[in-house]
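Structure record follows, encoded as structure tokens.
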Amino acid sequence: MKKYLKRVSFLLLSLTLLLGSCEVEDSLTLTSPDAAFTLDTPGISSVFLNFALPSNPAFTISWQDELNAGSDYTVEMATDAEFVSPITLGTTTNSNFSMTVSDFNDAINNAGVTNFRDVAVYMRVQSGGNTSNSILLLVTTYPVDAPTFASISDGDSFVLSLDNNDLEAVNVTWDDPILDSTLAIDIDYTLEAATPNTSFVDAIEVGAVRNMNAISITNSQLNAVAIQSGIAVDASGDLEMRLRSVITDAASGTVLERITETVTVNVTTYLTVLDLSTTWGIVGSAANDWGATPDLPFFKTDVDGVLVAYVNLIDGEFKFRENNDWSNNLGSDSATGGDVTSNGGNIPVSAGSYKIGLDLNNNTYSIENFSLGIVGSAANDWGATPDLMLEYDPFSDVFRGLVTLVDGEMKFRLNNDWGNNWGDDGVDGTMDPGGANIAVSAGTYFATVNFKDLTYTLEPVTNVWGLVGGAYNDWGASPDAQFKRDWSKPFNDVWILENVTLIDGEYKFRSNNDWGTNYGDSDGDGVLELNGGNLNTTAGTYSFVLDFSNPDAPTYTKN
């Protein structure tokens, strides 16, 4: 009986559950989700565009589209989240899209973006009137547009002068937005010049800077460039200029180059050396064995008719004459200066260095001991030996000398005597009478003194050239025949060696009496090669010119 009752209870419970289930099913409505058009969020949100890999994919995006399967898709970008001015990147029938580094970089630059790091780029996809969601990428780009000149333009004119030789002629500046970015890159700028209409085939480098937007050009620099381009001395001519910007990828060495528009300027040049020559000279047993060699020249001063000569004389006599000829000569009865007369007496003199003046306006002359030298612990142990002498450079109206110094101090003085000496109190390149000692480091220098403004310079010299060989010094058994700098060409690296006596044999040119840097001429074409072949000569007296103005192809001449 109990078992029967249990079975009846179970049946009633089952019927109750079944009826309840039917009521729930009548009230439940099942729906499918809406079809979606969704742009997937990429795995990275920062993109670095490397100009060294222009064809690599910059990005790949994909999307899910349940509305327009198989339709055309248009990919858009904008620099604002509202897509006020969307830019089309491309179209596709696929559900993904890629773009190369160079194309994506161009698109961003064409959007007017002026910064280069963390550029906000929003993307979305359009299809069949439907628009996906947008995603955000932060992009680092590289520059495409060239810099633009700011301080020079077509038609600018520059009238240069020797009086302003070391003064600024123009400060060339330019605009380049990448200089204001925070990218950790170096940008090298080179200012170039060229003859008009030559497409810069033989570009002349005017100046170069790194990570700066200005190059200052002095009168002397612009003058040298203009003359090198073909503009005649003391004449006006056109000169083309442009700016090259170079960014180098550190990993690959790939170069990104941008070049400005060319500007054409007009430049008026000047003679790079002073015209100080005269027709007058010094002749005598004390000077040139009464004309056995050319007379010692006088040079012009800033007063017409007043001449000056800086000369080394030996014991003897001298006079003055014009054009190395006796038809017009002057002498004097005084050995210490005074009147001169036509065909006057010989003037006695003792060996020494002198400054001799000749005043043709008043027919007088003057003579005084004059030797300018360097003294000091850096030079000659403060006078234990003669001072290091400087010579008068008539081409620039200054005194110059090629001197080798040791670590120490120095001063300038006249006539190996402390009566007239100069130091530098302000360490500013200006000589002060009796001033402070000048500290120097060991090395070889071109020392220059300008008495017009009491300034001096010490220019380090890397190479002092000499002639070595079996034809001269048995390949270095004694010092090489040393060249002198040719100051008639002050803006070129030209060296001269005059009247050196050689014997039959071979020779070469080398620096600092050492074989570390030496030149020969393997081809016999007058162009020197580093470690090149020996040169041959027959016995005789010769003069040489070495021109290192173009260090890649130095030349020599022999007369």
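Going by mature numbering (1 follows the signal peptide of the UniProt record, and there is no 0), the letters in the sequence shown line up with residues -26 to -1, 1 to 533, in that order. Glycine included, each C-beta is placed from N, C-alpha and C at the ideal position.
For SER340: DSSP bridge partner residues: GLY331
Report the residue ranges of all beta strand (DSSP E) runs contained in full by the stretch 342 to 378; include only those spanning at least 3 residues, in chain order. DSSP runs (the beta strand (DSSP E)) wholly in the stretch 342 to 378: 346 to 349, 362 to 367.
Measure the C-alpha to C-alpha separation of THR267 and SER462 and round it to an integer number of angstroms. 21 Å
Which residue's Cα is closest to the Cα of ASP361: SER370, SER351, ASP367, PHE369? SER351
Rounded to the nearest angstrom, what separates PHE344 and ASN395 at their Cα positions? 13 Å
Would LEU217 and LEU165 qualify as a contact pair, given that the criterion is a beta-carbon distance under 8 Å? yes
Mind checking who SER101 pairs with in its DSSP beta bridge? ASN104, per the DSSP bridge assignment.
Work out the CA separation of ASP454 and VAL438 for me, nearest whole Å. 10 Å
On the criterion of 16 or more Cβ atoms from any shown chain inside 10 Å, does ILE82 qualify as buried, or is it exposed? buried
Would you identify the three-state DSSP class for VAL75, choosing helix, strand or coil? Helix.
For LEU136 and LEU245, believed in contact at Cβ under 8 Å, the rounded distance: Taking the Cβ atoms as the reference, LEU245 lies roughly 7 Å from LEU136, within the contact range of under 8 Å.
Does DSSP put LEU112 in a helix, a strand or coil? strand
In chain order, what residues of the same chain lie with their CB nearer than 8 Å to the CB of GLY305, ignoring the 5 residues before and after it? LYS293, PHE294, VAL314, THR315, ASN317, GLY318, GLY319, ASN320, ILE321
From VAL199 to TYR163, what distance separates their C-alpha atoms? 18 Å
Please report the straight-line C-alpha distance between ILE477 and ILE178, rounded to a whole angstrom. 41 Å
Are the Cβ atoms of TYR481 and ALA513 separated by less than 8 Å? no
Do GLY506 and THR529 count as a contact pair if the criterion is CB distance below 8 Å? At a Cβ-Cβ threshold of 8 Å, THR529 and GLY506 do not count as neighbours.
Cα separation between ASN466 and ASN197? 12 Å
Tell me whether ILE18 is buried or exposed, calling it buried when 16 or more other Cβ atoms sit within 10 Å of its Cβ. exposed
Got a sec, what are the start and stop residues for the alpha helix (DSSP H) ILE201 sits in? 193 to 203
Going by the DSSP bridge assignment, what does SER523 pair with across the sheet? In the DSSP output, where bridge partners are listed per residue, SER523 has none listed.
Which whole-angstrom value is the C-beta distance of LEU364 and TYR419, which I expect to be below 8 Å? Actually they are not in contact, since the Cβ atoms of LEU364 and TYR419 sit about 11 Å apart, beyond 8 Å.
Would you list the one or two residues that DSSP bridges to TYR530? LEU520
Go ahead and label ASP(-1) buried or exposed: buried means 16 or more other beta carbons lie within 10 angstroms of its beta carbon, across all protein chains shown. At ASP(-1), the pLDDT of 45 sits below 50, so the modelled position is not reliable and the matter cannot be decided from this model.
Going by CA-CA distance only, name the one from VAL323, ALA358, LYS458 that's closest to GLY375. LYS458
What's the call for VAL95, buried or exposed, on a 16-neighbour Cβ count within 10 Å? buried
For THR234, is the classification buried or exposed, using 16 other Cβ atoms within 10 angstroms of its Cβ as the cut-off for buried? buried
Considering only the beta carbon of each residue, do ASN424 and VAL474 sit closer than 8 Å? Annotated as distal: ASN424 and VAL474, with beta-carbon spacing of 8 Å or more.
Identify every residue that forms a DSSP beta bridge with LYS463. Its beta-bridge partners do not exist; DSSP assigns none.
Identify which residue in THR422, GLY417, ARG387 has its Cα closest to the Cα of GLY403. THR422
If the criterion is Cβ atoms closer than 8 Å, does the pair ILE256 and ILE341 meet it? In this structure, ILE256 lies away from ILE341, with their beta-carbon atoms at least 8 Å apart.
Need the endpoints of the beta strand (DSSP E) that LEU471 sits in, please. Counting along the chain, the beta strand (DSSP E) containing LEU471 begins and ends at 468 to 476.
List the residues that DSSP assigns as beta-bridge partners of TYR430. VAL423
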